[in-house]
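Report on one structure; see the data block that follows.
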Amino acid sequence: MFETVTYTWILALIVVVFSFIKWYISRNDDYWKKKGVPHIPRAGYYSMYKEIKEKGLAEIIKNSLKPFGRRVIGSFEFSTPTVTVADPDILRDIFVKDFHIFSYRRDFTSGDPIGDKTLPNLMGEDWKRIRTIVTPAFTSKRMRQSVPEVPNVLHFFWISPRLLTAFFLISEVLFG
Numbered sequence: 019m020f021e022t023v024t025y026t027w028i029l030a031l032i033v034v035v036f037s038f039i040k041w042y043i044s045r046n047d048d049y050w051k052k053k054g055v056p057h058i059p060r061a062g063y064y065s066m067y068k069e070i071k072e073k074g075l076a077e078i079i080k081n082s083l084k085p086f087g088r089r090v091i092g093s094f095e096f097s098t099p100t101v102t103v104a105d106p107d108i109l110r111d112i113f114v115k116d117f118h119i120f121s122y123r124r125d126f127t128s129g130d131p132i133g134d135k136t137l138p139n140l141m142g143e144d145w146k147r148i149r150t151i152v153t154p155a156f157t158s159k160r161m162r163q164s165v166p167e168v169p170n171v172l173h174f175f176w177i178s179p180r181l182l183t184a185f186f187l188i189s190e191v192l193f194g
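Read in order, the letters of the sequence shown are residues 19 to 194 in our numbering.
See below:
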C-alpha cells in the first residue's frame with residue numbers, strides 16, 4: 019500500500035515538473051502574434067538542431083523570409099523572442115542612427131584578451147567609448163578611398179578569388 023502511494027506521488031511530481039517546464043518554455047509563443055509581426059513558429063529543439071546541421075543557419079533564415087515576402091520576421095532562440103531584419107534601410111537605421119538603443123546584444127566573448135575588446139564584443143559604456151574613437155575612420159568618403167586598395171591587401175594575404183568577388187559585390191551594393 020505504501021509503495022503504491024509513493025509511486026503515485028512520484029509520478030504526480032514528475033507530471034507537475036514536466037508540465038511546468040513545458041509551460042515555462044512555451045510561455046512566449048504568442049509574443050510575435052501579439053505584436054502583429056510575421057513569425058516562424060517555434061520548432062522542437064531536436065528538429066531545429068537537425069535542420070541547422072543539414073542546411074546551415076543562413077539558408078534557414080533565407081528560406082524563412084521567403085514565405086512572408088517581408089524583410090522583418092520574428093523567431094525564437096529557445097524561449098527568447100528574436101527578430102531578423104533583412105531590409106537594408108531598416109538595417110542602416112539600426113546600425114547607424116539607433117545603434118545606441120541596440121548596444122546591449124548577445125554576448126560573443128570567447129576569452130581572447132584582444133578579440134573580446136573589439137567593437138562587436140563590447141557593450142555599454144565601453145562600446146560607446148570605442149565607437150566614438152573608431153567611427154571617424156569609417157565615413158563613406160574614407161571607405162570609398164580604401165576600396166581600391168583592398169585587392170592589394172587581399173592579394174598579400176592570398177585570399178581566394180571567390181572572396182574577392184564577394185567583396186566587390188558587397189562594396190558595389192553599399193557604395194554604388
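For each residue, glycine too, the CB sits at the ideal point set by N, CA and C.
Measuring CA to CA, which of Arg60, Leu137, Lys68 and Glu72 is closest to Thr100? Minimum Cα-Cα distance from Thr100 among the listed residues Arg60, Leu137, Lys68 and Glu72 corresponds to Arg60.
Taking the continuous beta strand (DSSP E) assigned at Pro99, which residues delimit it? Per DSSP, Pro99 belongs to the beta strand (DSSP E) from Thr98 to Val103.
Please classify Ile91 as buried or exposed, where buried requires at least 16 other C-beta atoms within 10 Å of its C-beta. buried
Could you please give me the residues that DSSP links to Ile91 through a beta bridge? Thr102
What number of angstroms, rounded off, separates the C-alpha of Val55 from the C-alpha of Phe94? If I take the Cα positions, the gap works out to 13 Å.
For Arg45 versus Ser97, is the C-beta spacing smaller than 8 Å? yes
Just to confirm my understanding: we take Gly133, look at its own chain, exclude 5 residues before and 5 after, and list those with CB closer than 7 Å. What are they? Residues of the same chain with a CB within less than 7 Å of the CB of Gly133, apart from the 5 flanking positions on each side, are Asn139 in chain order.
Residues that His57 bridges to, as DSSP identifies them: His57 pairs with Gly92.
Beta carbon of Ile79, beta carbon of Thr102: below 8 Å? yes
Going by other Cβ atoms of all chains shown within 10 Å of its Cβ, with 16 needed for buried, is Trp50 buried or exposed? Flag for Trp50 reads buried.
DSSP state of Met141 mapped onto helix, strand, coil: Met141: coil per DSSP, three-state reduction.
Rounded to the nearest angstrom, how far is the Cβ of Ala104 from that of Arg89, given a contact under 8 Å? 5 Å
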